[in-house]
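With the first letter of the sequence shown counted as 1, position 55 gets the number 607 in this note's numbering; the numbers rise by one all the way through.
Contents: one structure, followed by commentary.
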Amino acid sequence: MTKKLRQKISKTVDAPSIGDLVRYYNADPHGIVMDGGVGVITDIFYNERSYTNMYRVLTQNAGLQLWFDEDEVELLQKAP
């Protein structure tokens, strides 16, 4: 009897937009994660120097609005 292999279905993740819940990471210049948390995106800026998006995140624990590069932000939940 042969078994059928299960196919892994990959989800396509959209880029975060304003109002989305995200997890952010603070990393040192070597890429080591120093801190992180959860917050809501309040603004998006396209950085023409690095050709990437920058996200302004309202942090949950400190209540500050900080800027993060797109590789430092991970989408947790889309806004309705």
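Every residue, glycine too, gets a C-beta built ideally from N, C-alpha and C.
Can you tell me whether DSSP reads residue i as helix, strand or coil?
i, result
"D566", "coil"
"G595", "First, the residue type needs correcting, since residue 595 is Asp and not Gly in the sequence shown. Reduced to three states, the DSSP call for D595 is strand."
"D572", "coil"
"E622", "helix"
"N613", "coil"
Going by C-alpha distance, which of the options is nearest residue i?
i, options, result
"Y598", "M606, K630 and A567", "M606"
"L616", "Y576, E626, E600 and P568", "Y576"
"Y603", "E622, N613 and V585", "E622"
Just to check my reading of the structure: residue i and residue j have Cβ atoms closer than 8 Å, yes? What is that Cβ distance to the nearest angstrom?
i, j, result
"L610", "P568", "Not a contact, Cβ separation roughly 13 Å."
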